[in-house]
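Visitor: One structure, as structure tokens, below. Some questions next.
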Amino acid sequence: EEIFGPVICVYGYDDIDLAIEQANALPYAFQAAIFTDRLSIANHCIQSLAGSAVMVNDHTAFRVDWMPFAGLRRSGLGVGGIAYTMEDMSLEKMAVWNWPEDGFRSDR
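So the sequence shown is residues 1 to 108, counted in full-length UniProt numbering.
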């Protein structure tokens with residue numbers, strides 16, 4: 001059964017593709033949060049993780065009444081949110097960034 005928080009599961013990985021594979025194997029796909037100082041890893045996770053939202057360097061408790069959101073797979077009942085946000089915004093995936101104070105490191 002899907003648990004609605006506050007609950008956090010923290011896993012450390014040396015292989016980002018393995019982390020994405022294991023996250024995407026779950027039956028639920030509502031939100032994910034990643035913490036990194038590398039822009040390429042953040043973008044790779046945003047593109048690769050299943051779910052309707054990916055938070056970068058922030059937790060997953062954002063104001064759902066400010067933007068549309070969706071539960072995918074066995075998460076939620078479909079698309080929800082305040083009516084005006086549904087009219088003003090439409091997207092397949094949202095990314096919320098908490099930009100590191102000293103910026104992202106270069107991958108070069």
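A virtual CB, placed ideally from N, CA and C, is assigned to each residue, including glycine.
Indicate whether M94 and A53 have their beta-carbon atoms separated by less than 8 Å.
Guide: yes
Visitor: I need the straight-line Cα distance from T36 to Y28, nearest angstrom please.
Guide: Spanning the two alpha carbons is a distance of roughly 23 Å.
Visitor: Spatial neighbours of H44 within its chain, please: CB distance less than 6 Å, with the 5 preceding and 5 following residues excluded, ordered by chain position.
Guide: none
Visitor: If you draw a straight line from the C-alpha of S40 to the C-alpha of L18, how long is it?
Guide: 16 Å
Visitor: Pull up the distance between the alpha-carbon of H59 and that of V96, whole angstroms please.
Guide: Roughly 10 Å between the two C-alpha positions.
Visitor: Find the nearest neighbour of A25 within the set S106, D102, D107 and G51, judged by alpha-carbon distance.
Guide: G51
Visitor: Strictly by DSSP, which residues pair up with Q31?
Guide: A53
Visitor: Considering only C-alpha positions, which residue in the set N98, D102, C9 and V10 is nearest to M55?
Guide: N98
Visitor: Taking the alpha carbon of E21 as the point to measure from, which residue in I34, V10, S48 and N57 has its own alpha carbon closest?
Guide: Cα-wise, what sits closest to E21 is S48.
Visitor: Measure from the alpha carbon of D107 to the alpha carbon of each residue in A42, N57 and G12, then state which is nearest.
Guide: Considering only alpha carbons, the answer is A42.
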